[in-house]
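S.K.: Numbering (the working numbering), first residue to last: 5 to 180.
C-beta: ideal position from N, C-alpha, C; glycine also.
The model shown is predicted, which means the values in this text are computed figures rather than measured ones.
What follows is a structure written as structure tokens; I'll ask about it next.
Listed below in structure tokens is the structure:
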């Protein structure tokens, strides 16, 4: 599937409450999906105070001096830092537009968004099931049985089954 043209891509959120294992699952899914032939990118929602730069670095000093954007490039990678400087935080759609075309974008955060989501649910946390009230949840990965679930339930401990589900789900989006 890698190399889809025209920017076509599937977007799937990895959603759940804090402590459910969203990041753990996402980090394990990426290489499993790449091994299945998908080009994968991710978007992670962060707290407002995050920073990828640090004082003393030239790029930090450029931003601190008032630059709206700082682009850093090397032989290994490039990164663009954009300061909002009073503008509203961009929504998920605006951030997705910044990405190069890939087969699948995994989105961590935005659990109440209207994009399709794979919910990570651990009943032991005592949190409600998002799928019960969210029509955008396409499947639930859980470490417990969930009787009466209206979407597929995947075993949270079976990475291969989850990766196969996501691959097939993304392929269905690409063809129809």
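1) Cα separation between residue 96 and residue 163?
2) Rounded to a whole number of angstroms, what is the C-alpha to C-alpha distance between residue 93 and residue 74?
3) For the segment 65-107, which segments carrying the alpha helix (DSSP H) assignment without a break, of at least 4 residues, lie completely within its bounds, in sequence order?
4) Pull up the distance between the alpha-carbon of residue 137 and that of residue 79, whole angstroms please.
5) With DSSP collapsed to three states, give me the class of residue 13.
6) Could you tell me the distance, in whole angstroms, from the CA atom of residue 77 to the CA atom of residue 29?
7) My guess is that residue 111 and residue 18 are in contact by the Cβ rule of under 8 Å, so how many angstroms apart are they, rounded?
8) Please classify residue 3: is it buried, with 16 or more other beta-carbons within 10 angstroms of its beta-carbon, or exposed?
9) Less than 9 Å between the beta carbons of residue 37 and residue 171, yes or no?
10) DSSP three-state label for residue 7, please.
11) Check whether the segment 60-70 and the segment 117-133 are in contact - that is, three or more C-beta pairs closer than 8 Å.
12) Indicate the three-state DSSP secondary structure (helix, strand or coil) for residue 152 in the structure shown.
13) Terminal residues of the continuous beta strand (DSSP E) containing residue 47?
14) Could you tell me the distance, in whole angstroms, from the CA atom of residue 152 to the CA atom of residue 165?
15) Could you have a look at residue 146 and say whether DSSP puts it in helix, strand or coil?
16) From the DSSP output, in three-state form, read off residue 157 for me.
17) In terms of alpha-carbon separation, which member of 155, 144 and 102 lies closest to residue 83?
M.R.: On the basis of the supplied data:
1) 26 Å
2) 18 Å
3) 96-100
4) 46 Å
5) coil
6) 30 Å
7) 7 Å
8) The structure shown has nothing for residue 3, since the chain only spans 5 to 180.
9) yes
10) Note that residue 7 has pLDDT 39, beneath the 50 cutoff, so the model's placement of it is unreliable and the number below is only indicative. The answer is coil: DSSP assigns residue 7 none of H, G, I, E or B.
11) no
12) coil
13) 44-48
14) 20 Å
15) strand
16) strand
17) 102
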